[in-house]
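**Q** If you read the sequence shown in this note's numbering, its first letter stands for residue 935, the second for the next number, and so on. Sharing a structure here in structure tokens format.
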Amino acid sequence: MCHFWNHQTCLNISVTEYKSLGESQEGYLCGRCKKDSERDQEKESKQCSFPAYESVKVSPLLTVGSWKGEDVLVKCNEIYNEIIQWRRNLFKLPSGATGKAFIEEMTRIAKNFGPGNTLESVCLTLMMIMPALLLQKPSKRSKTVDHNAALKRRMGLWQEGKLTELVREGKEIQRRMEKRKYEKEHIEKVFN
935 MCHFWNHQTC LNISVTEYKS LGESQEGYLC GRCKKDSERD QEKESKQCSF PAYESVKVSP
995 LLTVGSWKGE DVLVKCNEIY NEIIQWRRNL FKLPSGATGK AFIEEMTRIA KNFGPGNTLE
1055 SVCLTLMMIM PALLLQKPSK RSKTVDHNAA LKRRMGLWQE GKLTELVREG KEIQRRMEKR
1115 KYEKEHIEKV FN
């Protein structure tokens, strides 16, 4: 609705049109208000618009281990929601063949993030859960040799699609970390 006074002759409209506008419930915008409104809408559309996108379709060919299609997406999201609650306990990526294999697997997954690829719907989730599942320190005092052996074994499980086993192992490691934190002997050592 225009809040400025407009003369009928300035608007270049007939007397009947002018009267009907005055009695009308519909809003009217003069030329100045139209320009302001269009400018505001243009600003708003530039600030708040996202590019059009097509929602990702889960390929029926998508498989990870025994999971297929939509089940892969659901299970990977469940794993992600589990691992984001874990305490940080990652070792540095070892150099050598095992570290290189880890990087190659991450690269393979990243390359599948594109339209039409079977892993498109889950590859970012896989890239987020992979380090948490494969790079967990086996124990508090584990050494680089232990990390290398654990990564090699876990890479085998990952490539076989045995993510539930990796999650189970990660949960056990996290449980041991929590247990250590609250042991009575540990508290006594700290305060004595």
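Don't be surprised by glycine CBs; every beta carbon is placed ideally from N, CA and C.
(1) Rounded to whole angstroms, what's the CA-CA distance from Met1062 to Lys1071? Just pull it up for me.
(2) Please report the straight-line C-alpha distance between Phe1047 and Glu1038, rounded to a whole angstrom.
(3) Could you tell me which residues DSSP puts in a beta bridge with Thr1041?
(4) Could you check whether Met1089 and Phe1036 sit closer than 8 angstroms to each other, using their CB atoms as the reference points?
(5) In three-state terms, what does DSSP make of Trp1001?
(6) Out of Leu1027, Ser1029, Lys1002, Glu1016, state which residue places its alpha-carbon closest to the alpha-carbon of Glu1106.
(7) So Glu1054 is in the alpha helix (DSSP H); what residue range does that whole segment cover?
(8) What's the gap between the Cα of Val1101 and the Cα of Val1006?
(9) Count the other CB atoms within 10 Å of the CB of Thr1078; is the residue buried (16 or more) or exposed (fewer)?
(10) Anyone know if the C-beta pair for Leu1068 and Ile1013 falls short of 8 angstroms?
(11) How long is the line joining the alpha carbons of Arg1021 and Thr1059, rounded to whole angstroms?
(12) Run through DSSP, which three-state label would Gln1093 get?
(13) Any beta-carbon of chain D closer than 8 angstroms to the one on Arg1087?
**A** For this structure:
(1) Looking up residue 1062 in the sequence shown gives position 128. Looking up residue 1071 in the sequence shown gives position 137. Taking the straight line joining both Cα atoms gives about 17 angstroms.
(2) As a working note, residue 1047 is residue 113 in the sequence shown. As a working note, residue 1038 is residue 104 in the sequence shown. Each residue's alpha carbon lies about 15 angstroms from the other.
(3) Position 107 of the sequence shown, counting from 1, holds the residue named residue 1041. In DSSP, Thr1041 forms no bridge with anything.
(4) Position 102 of the sequence shown, counted from the first residue, corresponds to residue 1036. Position 155 of the sequence shown, counted from the first residue, corresponds to residue 1089. Yes, they are a contact pair.
(5) In the sequence shown, counting from the first residue as 1, residue 1001 sits at position 67. Correct three-state label for Trp1001: strand.
(6) For the purposes of this step, residue 1106 is taken as residue 172 along the sequence shown, with counting starting at 1. Here the closest residue by C-alpha is Glu1016.
(7) Position 120 of the sequence shown, counted from the start, is the residue given in the question as residue 1054. Where Glu1054 is concerned, there is no enclosing alpha helix (DSSP H), given that its DSSP letter is neither H nor E.
(8) The residue given as residue 1101 occupies position 167 in the sequence shown. The residue given as residue 1006 occupies position 72 in the sequence shown. If I take the Cα positions, the gap works out to 15 angstroms.
(9) Your numbering for residue 1078 matches position 144 in the sequence shown. Exposed, since its Cβ has fewer than 16 Cβ neighbours within 10 Å.
(10) For the purposes of this step, residue 1068 is identified with residue 134 of the sequence shown, where counting begins at 1. For the purposes of this step, residue 1013 is identified with residue 79 of the sequence shown, where counting begins at 1. No.
(11) Counted from its first residue, the sequence shown places residue 1021 at position 87. Counted from its first residue, the sequence shown places residue 1059 at position 125. In a straight line, the C-alpha of Arg1021 is about 19 angstroms away from that of Thr1059.
(12) Walking along the sequence shown from the start, residue 1093 turns up at place 159. Of the three classes helix, strand and coil, the one that applies to Gln1093 here is helix, per DSSP.
(13) Absent here is chain D; the protein component of the structure consists of one chain.
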